[in-house]
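*Asks:* What follows is a structure written as structure tokens; I'll ask about it next.
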Amino acid sequence: MRDTVLLSLALSALPALAMAEVPKVVTDMPVVQSLTAQVMGDLGTPVVLLEQGANPHSYQMKPSQARALQEAGLLFWVGPEMTPWLSRAIDAAGGKVPQIALLHSDGTHLQSYVDDDDDDHDDDDDHDHDHGHDDHADADGHSHEGLDPHAWLDPHNAGNWVSVIAAALAKADPENAATYEANAKAAQERIDTLDKDLRAELTPVKDRPFVVYHAAYGYFAAHYDLQDEGSVAFGDATDPGAAHLSALRADLKAKGVVCAFPEASHDPRPMQRLIEGTEVRLGQPLDPEGTQITPGPDLYDTLMRTIGGNLSGCLGQ
């Protein structure tokens, strides 16, 4: 009888032991949290450091978040090009946090920020090819050069990152490797469906030029062959200067720009001033980083479909 009780107690403890081996996972941004959450499934919920509505480039972590980072079993982040504040936090933690910068993972297609005359965005080389720094500055001298970190806006990269995340989790937690692999496969299938749907939606408007608030959409435009003709603000955290607005305004008619898209979390007035007195339509705000969307496994799909819907909705009128 005593042996039976002991065996029963041992068996009842097994699920808890298995769960204890699932690493504490921390992510930098809602997009990465969403992809990671899809891979982890019911095994755990990854922490996201960037709060809803916050600026991903100049965020200040709370002490509780710094502790979560120090206690992390695994950190997934885009990379220092996107969230420099997290790079500093990793250094402050003594570099002891096991981490993967997805932007620099094998198989990721990278591209530099491109100017309006650059035809090279269909280059599908792997990530070795675009670490050079091409200088692109607006009329006020604001520089926007080098590697563009918004790589998740190419769904092929999102699919690749899901595989990278699953492989890292499986290495850290071998007992659940099959679950991570199965979840990653399901996530990739979902991304493939999303990609096909967006291509069907955007193909009819691919020849209709538009401008955006900031230069975040190079990957999206390149992947779907869209005519992104420039941005009001060259940097993610820089305000547009009067000379740049003036130069861009002169381009609107010359390039046949159909729509101008403001951005979530940014003042829409510069975009409104840009198109005032023109035939250019003001589109719905775009949210390339997903900072206005409720975090979770569905966020990536929602983010991409919303960008696609807002673009097609205005350009297709």
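Numbering (mature numbering (1 follows the signal peptide of the UniProt record, and there is no 0)), first residue to last: -18 to -1, 1 to 299. Even glycine gets a Cβ: it sits at the ideal position worked out from N, Cα and C.
1. Find out if the Cβ-Cβ distance for the pair residue 282, residue 17 is shorter than 7 Å.
2. My guess is that residue 269 and residue 293 are in contact by the Cβ rule of under 8 Å, so how many angstroms apart are they, rounded?
3. Give a yes or no on whether the C-beta atoms belonging to residue 137 and residue 173 are separated by under 7 Å.
4. Can you confirm whether residue 190, when its beta carbon is compared against all beta carbons of chain E, has any partner nearer than 7 Å?
5. Please work out which residues of its chain come closer than 8 Å, Cβ to Cβ, to residue 87, disregarding the five sequence neighbours upstream and downstream, and give them in chain order.
6. Considering only their Cβ atoms, is the gap separating residue 265 from residue 243 smaller than 7 Å?
7. In the DSSP assignment, the alpha helix (DSSP H) including residue 326 goes from what residue to what residue?
8. Do the region 172 to 189 and the region 155 to 162 touch if we need at least three Cβ pairs shorter than 8 Å?
9. Give the straight-line distance between the Cα atoms of residue 63 and residue 156, rounded to the nearest whole angstrom.
10. Looking at the structure shown, is residue 9 part of a helix, part of a strand, or coil, going by DSSP?
11. Quick one: residues in its chain with C-beta nearer than 8 Å to the C-beta of residue 21, no 5 flanking neighbours on either side, listed in chain order?
12. Just list the alpha helix (DSSP H) runs in the region 9 to 34, keeping only unbroken ones of 4 residues or longer that don't cross its boundaries, in chain order.
13. Less than 7 Å separating the beta-carbons of residue 38 and residue 65?
14. Whole angstroms are fine: how far does the CA of residue 32 sit from the CA of residue 43?
15. Does the distance from the CB of residue 214 to the CB of residue 252 come in under 7 Å?
16. Determine the DSSP secondary structure at residue 109, reduced to helix, strand or coil.
17. For residue 298, I'd like the list of residues in its chain whose CB is within less than 7 Å of its CB, leaving aside the five on either flank, ordered along the chain.
18. State the Cα-Cα distance for the pair residue 60 and residue 276, rounded to the nearest angstrom.
19. Alpha carbon to alpha carbon, how far is residue 272 from residue 205?
20. Say whether the region 234 to 249 touches the region 3 to 17, bearing in mind that this needs 3 or more beta-carbon pairs closer than 8 Å, one atom from each stretch.
21. Could you spell out the range, first to last residue, of the beta strand (DSSP E) harbouring residue 213?
22. Just list the beta strand (DSSP E) runs in the region 197 to 273, keeping only unbroken ones of 3 residues or longer that don't cross its boundaries, in chain order.
23. Would you identify the three-state DSSP class for residue 282, choosing helix, strand or coil?
24. Quick one: residues in its chain with C-beta nearer than 7 Å to the C-beta of residue 279, no 5 flanking neighbours on either side, listed in chain order?
25. In angstroms, rounded to a whole number, what distance separates the CA positions of residue 34 and residue 198?
26. Distance check for residue 72 and residue 224, CA to CA, integer angstroms please.
27. Can you name, in chain order, every residue of its own chain whose Cβ lies under 6 Å from the Cβ of residue 234, other than the five neighbours on each side?
28. Kindly provide the ranges of any beta strand (DSSP E) runs that are 3 or more residues long and lie completely inside the region 64 to 102, ordered along the chain.
29. Whose C-beta lies closer than 6 Å to the C-beta of residue 287 among residues of the same chain, with five residues either side of it excluded?
*Replies:* Reading off the structure:
1. Here residue 282 is near residue 17, since their CB atoms are less than 7 Å apart.
2. Contact between residue 269 and residue 293 is absent: CB atoms are separated by about 12 Å, not below the 8 Å threshold.
3. Yes; because the gap between Cβ atoms is below 7 Å, this pair is in contact.
4. Among the protein chains of the structure shown there is no chain E, as only one such chain exists.
5. So the qualifying residues of the chain are 109, 142, 143, 146.
6. In contact: residue 243 and residue 265 (Cβ atoms closer than 7 Å).
7. Within the shown structure, residues of the chain are numbered from -18 to 299, placing residue 326 beyond reach of any answer.
8. With the cut-off at 8 Å, the region 172 to 189 and the region 155 to 162 do not touch.
9. Looking at the two C-alpha atoms, the distance is approximately 31 Å.
10. Of the three classes helix, strand and coil, the one that applies to residue 9 here is strand, per DSSP.
11. Excluding residues up to 5 positions away in sequence, 144, 147, 148, 151, 162, 165, 166, 169 lie with their Cβ nearer than 8 Å to the Cβ of residue 21 in the same chain.
12. The qualifying runs are 12 to 22.
13. A contact, by the Cβ cut-off of 7 Å.
14. Near 8 Å, if we compare the C-alpha coordinates of residue 32 and residue 43.
15. It is a contact, given that the beta carbons lie within the stated cut-off.
16. Unreliable placement is indicated for residue 109, whose pLDDT of 37 sits below 50; no coordinate value is reported for it.
17. So the list reads 186, 187, once near-sequence residues are dropped.
18. Those two C-alpha atoms are separated by around 19 Å.
19. Each residue's CA atom was taken as its position, placing residue 272 and residue 205 some 19 Å apart.
20. Taking a contact to require three or more Cβ pairs closer than 8 Å, the region 234 to 249 and the region 3 to 17 do not qualify as touching.
21. Start and end: 210 to 215.
22. Complete beta strand (DSSP E) runs here, min 3: 210 to 215, 241 to 243.
23. Three-state DSSP puts residue 282 in a helix.
24. Result list for residue 279: 16, 19, 20, in chain order.
25. Distance from the CA of residue 34 to the CA of residue 198, rounded to the nearest whole angstrom, comes to 19 Å.
26. Those two C-alpha atoms are separated by around 38 Å.
27. Taken in chain order, the residues that qualify are 260, 262.
28. Every beta strand (DSSP E) of 3 residues or more that sits fully in the region 64 to 102 is shown, in chain order, as 81 to 83.
29. Shown here for residue 287: not one same chain residue has a beta carbon closer than 6 Å to its own, the five before and five after excluded.
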